[in-house]
Amino acid sequence: MQNNNSIYDKLIFSKDNNKVVCFKNNMPMFSKYSPKTEAENFIKNLNITGKYFFITTGFANAYHIFEFIKLFPENKILIIEKHEEDLFNKLFTNEYLKIKDNANIILSTVENLEQKILENYIPILDGNIFFKPLRSWINYNSDISEIIQLKINNAIEKVKADFSVQSHFGKLWFNNFLKNLFIFFENQDNFISINQIEINNKTSTKIIAAGPTLDFSIEYLKQNKNNSFIISTDTAYQVLKKNNIIPDIFISLDAQYLSSNHTMEGFNKNTIICVDICGNSSILKQAIKNDCKILLTVSNHPLCNFLNYYLKENNLEQFLKINSGSGTVTIAACDLANKLQFKNIELIATDFSYPFNKAYAKGTYFDELYHSNESKLNNFETQFSKLMFRTELFNVKFGNQNIEIKTSKILQTYKNSLINYIEGSNCNFYSFTENLLNLNKINKNIKIDISNNNIKFKKNKRIFLKRHLIEFLKKIEYELKCEKSFLLIPLLTWSYKKKSKILANNIAKNLIAFYTKIL
């Protein structure tokens with residue numbers, strides 16, 4: 035007999051002398067006559083051809099699992115059980131030992147199903163997801179059948195969103211990565227690492243987003259601009275600068291050309307420019323032009339991991355890895371503040387909605403961009419409306435006043451991602467604007483004392499010699515299984531003599547052409 039948490043009760047033997055597990059209601063999971071034949075028919079009736087990521091239910095005697103891996107040894111199969119103990123039940127020890135080393139077999143409980151799919155399913159390699167539960171198992175667990183389907187659908191939606199982003203930005207990330215690597219190499223005096231930054235009295239910081247509520251936070255920020263450490267997200271920077279608020283750090287992740295609009299009015303040289311290595315290279319160029327210090331960071335992109343692995347293997351300082359959650363700059367700013375050892379983090383204008391029927395605060399680059407393109411038939415308000423209503427909107431409650439405001443599914447996804455980051459952090463988070471994140475609301479009149487908050491830089495320079503840049507690019511060639519030389523060495527040698535601006539572009543185009551070909 036099994037304990038109360040298990041859905042299984044005992045083993046019996048079928049007519050053809052094979053073990054069959056029974057549920058607690060005494061119903062068998064497989065046929066009492068020929069369980070192996072039943073499993074064979076179950077898999078054959080799936081009508082699977084080619085690559086599929088197969089999801090099914092019930093580990094138990096694993097007849098259906100063994101049949102699947104026999105017919106489709108290259109395909110992944112994910113098996114759901116109600117409780118973790120039923121994945122490693124003593125009744126099925128022999129079956130588990132036979133499959134435990136097979137990387138294509140994934141075991142999951144209902145609780146962690148969504149995460150298991152996100153961790154293991156790669157559409158371009160695994161094909162479509164195919165879900166077919168064992169009828170006996172789903173009949174016994176009918177109370178959770180809808181939950182299972184919901185978790186699978188949620189995971190698919192997240193994978194689709196992530197895959198579409200990768201498809202759209204893949205080449206752009208690759209191109210920017212190479213451009214920024216060259217900019218870093220040729221302007222090393224501008225670049226710093228996080229351990230070079232010294233901040234006195236590290237107690238609290240303000241992270242500024244560009245939501246509409248920023249308009250109502252400017253006076254508060256002006257009162258505290260000299261005694262607060264301010265991290266500005268990219269879109270908020272111009273708003274702050276126009277109000278004579280100079281952030282200590284500007285942070286950006288965006289790879290798109292539109293990111294160059296953040297640099298239209300240049301940077302204050304006292305602001306540290308923090309940019310992802312796959313971000314838009316025009317930001318780095320402007321930062322160097324304004325003689326700013328630059329903190330170049332990396333994400334979890336394979337190229338970034340490859341670069342840091344190479345640096346580690348050669349005993350060189352690795353680039354700082356920043357967690358951006360679902361890819362939002364606000365979460366990246368929070369993670370940066372965390373890594374700077376701030377324990378109290380105040381969020382301003384992280385609205386993730388359209389309060390006052392606006393998309394952004396006044397003074398962002400959108401203002402200038404839309405005003406410059408407006409006409410009588412396509413005015414400023416029309417263009418902003420298109421931005422807001424590009425996806426379906428719905429109402430949510432705003433702050434403590436229970437006012438309904440508009441938001442979108444994608445904005446709520448970003449908000450939930452930020453909340454998940456906050457819940458996993460050891461920092462104290464506060465929301466200045468209307469308690470939008472259901473966090474502790476900070477008093478509007480409070481002044482955070484961070485006196486003598488001067489940023490200093492230790493005398494320590496990152497070393498990245500020419501030899502290492504060449505070797506790293508050669509290693510990319512090798513890892514991509516290049517069939518012909520891209521002539522990197524001659525190009526690089528020529529570039530150091532001529533300072534060619536087209537070098538990075540040429541290499542990027544060649545690598546991208548091959549990269550897309552092998553995919």
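Everything in the sequence shown is counted per the working numbering, starting at 35 for the first residue and increasing by one. Just so you know, even glycine gets a beta-carbon here, dropped at the ideal spot from N, CA and C. All figures in this text were calculated on a predicted structure; none of them were measured in a lab.
Output the boundary residues of the beta strand (DSSP E) element that contains residue i.
i      : result
ASN462 : 462–465
TYR388 : Counting along the chain, TYR388 falls outside any beta strand (DSSP E), and DSSP gives it neither H nor E.
GLU115 : 110–115
SER266 : 263–267
ILE233 : 231–233
ILE172 : It is not in any beta strand (DSSP E) - ILE172 instead sits in the alpha helix (DSSP H) that spans 169–174.
ILE163 : 162–165
LYS85  : LYS85 -> no beta strand (DSSP E), and no H or E assigned at all.
LYS104 : Here LYS104 belongs to no beta strand (DSSP E); instead the alpha helix (DSSP H) covers 97–105.
ILE306 : 306–310
Going along the chain, which residues of its own chain have a beta-carbon closer than 8 Å to the beta-carbon of residue i, five neighbours each way excluded?
i      : result
ILE178 : LYS116, VAL144
ALA73  : PHE64, TYR97, HIS98, PHE100, GLU101
ASP325 : ASN224, LYS303
TYR67  : SER48, LYS49, ASP50
ASN214 : VAL309, ILE311, CYS312, GLY313, SER315, LEU318, LEU330
LEU159 : LYS85
ASP564 : Missing from the structure shown is residue 564; the chain here goes from 35 to 553 and no further.
Let me know if residue i comes out buried or exposed under the rule of 16 or more other beta-carbons within 10 Å of its beta-carbon.
i      : result
PHE208 : buried
ASP579 : Outside the displayed range of the chain (35 to 553) lies residue 579, so it cannot be described from this structure.
ILE156 : exposed
SER485 : Because the pLDDT of SER485 is 28, which lies under 50, any placement of that residue in the model is unreliable, and the number read from its coordinates should be weighed accordingly. It is exposed - the Cβ of SER485 has fewer than 16 other Cβ atoms within 10 Å.
ASN123 : buried
GLN272 : buried
ASN210 : buried
GLU380 : buried
PHE47  : exposed
GLY458 : exposed
LEU147 : buried
LYS150 : buried
ASN95  : buried
ASN79  : exposed
ASP282 : buried
ASN81  : exposed
Helix, strand or coil for residue i per DSSP?
i      : result
PHE284 : strand
LEU354 : strand
ASN221 : coil
THR29  : Look at the range of the chain in this structure, 35 to 553, and you will see that residue 29 is not part of it.
LEU152 : helix
LEU374 : coil
LYS533 : Confidence at LYS533 is low in this model, with a pLDDT of 46, below 50, so its placement is unreliable and no value can be given for it.
SER238 : strand
SER179 : helix
VAL144 : coil
LEU445 : helix
ILE190 : helix
ILE379 : strand
ASP50  : coil
LYS509 : helix
LYS396 : coil
What are the boundary residues of the alpha helix (DSSP H) that residue i is part of?
i      : result
TYR254 : 252–258
LEU341 : 336–347
CYS56  : Looking at the DSSP string, CYS56 is not in any alpha helix (DSSP H); the run it does join, the beta strand (DSSP E), is 53–57.
SER227 : SER227 -> no alpha helix (DSSP H), and no H or E assigned at all.
TYR42  : Counting along the chain, TYR42 falls outside any alpha helix (DSSP H), though it belongs to the beta strand (DSSP E) covering 42–47.
LEU274 : 271–276
LEU330 : No alpha helix (DSSP H) holds LEU330; the beta strand (DSSP E) holding it covers 328–332.
SER459 : Note, SER459: premise wrong, no alpha helix (DSSP H); not H, not E.
ILE77  : 69–78
SER26  : Given a span of 35 to 553 for the chain in the structure shown, any question on residue 26 remains unanswerable.
ASN295 : Segment: none, ASN295 is in no alpha helix (DSSP H) and carries neither H nor E.
LEU131 : 127–133
Sorted by chain position, which residues of the same chain lie with C-beta nearer than 6 Å to residue i's C-beta, five sequence neighbours on each side aside?
i      : result
ASN277 : ILE252
LYS392 : PRO246
ASN302 : ILE280
ILE456 : PHE463
ASN154 : ILE140
Once you ignore the five residues that flank residue i on each side, which residues in its own chain have a CB closer than 7 Å to its CB?
i     : result
ILE57 : Correcting the residue type first, residue 57 is Phe in the shown sequence and not Ile. Around PHE57: ILE41, TYR42, ASP43, MET63, TYR174.
ASN39 : HIS117, GLU119
ILE77 : HIS98, GLU101, PHE102, LEU105
Any beta carbon of chain C sitting closer than 9 Å to that of residue i?
i      : result
LYS213 : Although the question refers to chain C, the structure presented lacks it and comprises just one protein chain.
Does the stretch 129–146 come close enough to the stretch 164–173 to have 3 or more Cβ pairs within less than 8 Å?
-> no
When the Cβ atoms of the stretch 247–262 are set against those of the stretch 355–363, are three or more pairs found closer than 8 Å?
-> no
Between the stretch 317–324 and the stretch 335–355, are three or more C-beta pairs nearer than 8 Å?
-> no
Is it a yes or a no for the stretch 211–222 touching the stretch 181–195, going by three-plus beta-carbon pairs under 8 Å?
-> no
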